[in-house]
Structures are given as C-alpha cells and as structure tokens.
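Undergrad:
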Amino acid sequence: MTTYLAHFVDIDPSSLGAIARVQEVLAGVHQFKCTACHYCTDGCPMSIPIPDFFKAMNRKLIFENEADALKRYRSTAKKAGVNASDCIQCDQCEDACPQRLPIIKYLQEVADALE
Ligand code: SF4
Ligand code: SF4
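Heads up, the numbering used here is the position in the sequence shown plus 21, with the first residue counted as 1.
What follows is the structure in structure tokens.
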C-alpha cells in the first residue's frame, strides 16, 4: 500500500518571515494575473491571443525583461496575424473571464508597451 505524505515535514517557523516578505513583494508587483484558461478567446471576433499577449507582457512587468517581452509579443502577433491594438472593445472577453480581468485595459497597456 502506498503511503502518501509519509515524509511530510512541517514548515520551519523560522522561514515564515521570509515567505511573508516574498508574498508582500509579489503582491506589490503590477502583473496580469491571467491563468491562461482561454475562456476569453473563443468568442473574440478579432481572434486576439489574449493570454499569450498577457504572458509576454508579464515578462516585462514581473521580470523587467523588456527584450524577451518584445520577442514573445512579436512572435505571437505574427503567428496570430493580429495585434493587441486590433481589439475593437466589444467586451465579449471580459464577460467570459472567470477572474474578471480588465482585458481591454490590459490590451491597451500591451499595445502601448510592446507594439
Ligand atoms: S474586447 Fe477585444 S479582445 Fe475582447 S473579445 Fe472583443 S475584440 Fe476580442
Ligand atoms: S479568461 Fe481571463 S484568466 Fe482566462 S485566459 Fe482569458 S484573460 Fe486569462
């Protein structure tokens, strides 16, 4: 019989301060908290690869790696044949997003930063 968590070790209380600090820092970083579920993409009349654009933008926002963000954005846009600024603001995606992300505003941010 398999025993799960047989080697479970409780967290060292001395690590809790460091963990809390990391959580605090991450909470303060502006980023797009998209889970890439793709619920937003099926009905987009412009076929905008929303989560892929957000993933590219997060390379800039979280890791401050603008070169990688630009490379990922350009490659995604080229493959999809569409840019973030092609959004016609129909609102379909925001209604479909379980996280209720302000997708239209985020796409504008992507367009401003990476196009
Ligand atoms: S608001 Fe923009 S991204 Fe969202 S479904 Fe409409 S065209 Fe697509
Ligand atoms: S529905 Fe929301 S969380 Fe899911 S991929 Fe689209 S933007 Fe991201």
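Idealized CB from N, CA, C, for every residue including glycine.
As the structure is a computational prediction, the values presented were derived from the model and not from experiment.
#1: Given the structure, does GLN58 come close to ligand 1, in the sense that its CB is under 6 angstroms from one of the ligand's heavy atoms?
#2: Might you give, ordered along the chain, the residues of its own chain that have their beta carbon closer than 6 angstroms to the beta carbon of PRO70, omitting 5 neighbours on each side?
#3: Quick check on VAL50: does DSSP put it in helix, strand or coil?
#4: Give me, in chain order, the residues of the same chain whose beta-carbon lies closer than 7 angstroms to that of VAL43; leave out the 5 immediate sequence neighbours on both sides.
#5: Candidates LEU135, GLN129, ALA117 and GLY38: which alpha carbon is nearest ASN86's?
#6: Rank GLU130, CYS114 and ASP133 by C-alpha distance to the C-alpha of PRO66 and give the top, closest one.
#7: Determine the direct distance from the alpha carbon of CYS55 to that of LYS76, and round the result to whole angstroms.
#8: For ALA117 versus CYS58, is the C-beta distance shorter than 7 angstroms?
#9: Would you check whether ligand 2 has a heavy atom nearer than 6 angstroms to the C-beta of GLN113?
#10: Quick one: is the Cβ of ILE40 within less than 6 angstroms of any heavy atom of ligand 2?
TA: Concretely, from the data shown:
#1: Here residue 58 refers to the residue found at position 37 of the sequence shown. Just to set this straight, residue 58 is Cys in the shown sequence, not Gln. Result no, Cβ not under 6 angstroms from ligand 1.
#2: By 1-based counting over the sequence shown, the position of residue 70 is 49. Around PRO70: THR97 and ALA101.
#3: Counting from 1 along the sequence shown, the entry for residue 50 is found at position 29. The answer is coil: DSSP assigns VAL50 none of H, G, I, E or B.
#4: As a first step, residue 43 must be located in the sequence shown, where it is residue number 22. Taken in chain order, the list of residues that qualify is empty.
#5: Within the sequence shown, residue 86 is the residue found at index 65, counting from 1. Of LEU135, GLN129, ALA117 and GLY38, the residue nearest in Cα terms is LEU135.
#6: Locating residue 66 in the sequence shown gives position 45, where the first residue counts as 1. Taking only the C-alpha atoms, the option nearest PRO66 is CYS114.
#7: Looking up residue 76 in the sequence shown gives position 55. Looking up residue 55 in the sequence shown gives position 34. The straight-line gap from Cα to Cα measures roughly 8 angstroms.
#8: Start at 1 with the first residue of the sequence shown, and residue 117 comes out as number 96. Start at 1 with the first residue of the sequence shown, and residue 58 comes out as number 37. No. Outside cutoff.
#9: As a working mapping, residue 113 is identified with position 92 in the sequence shown. For ligand 2, not one heavy atom lies less than 6 angstroms from the Cβ of GLN113.
#10: Walking along the sequence shown from the start, residue 40 turns up at place 19. No, ligand 2 has no heavy atom inside 6 angstroms of this Cβ.
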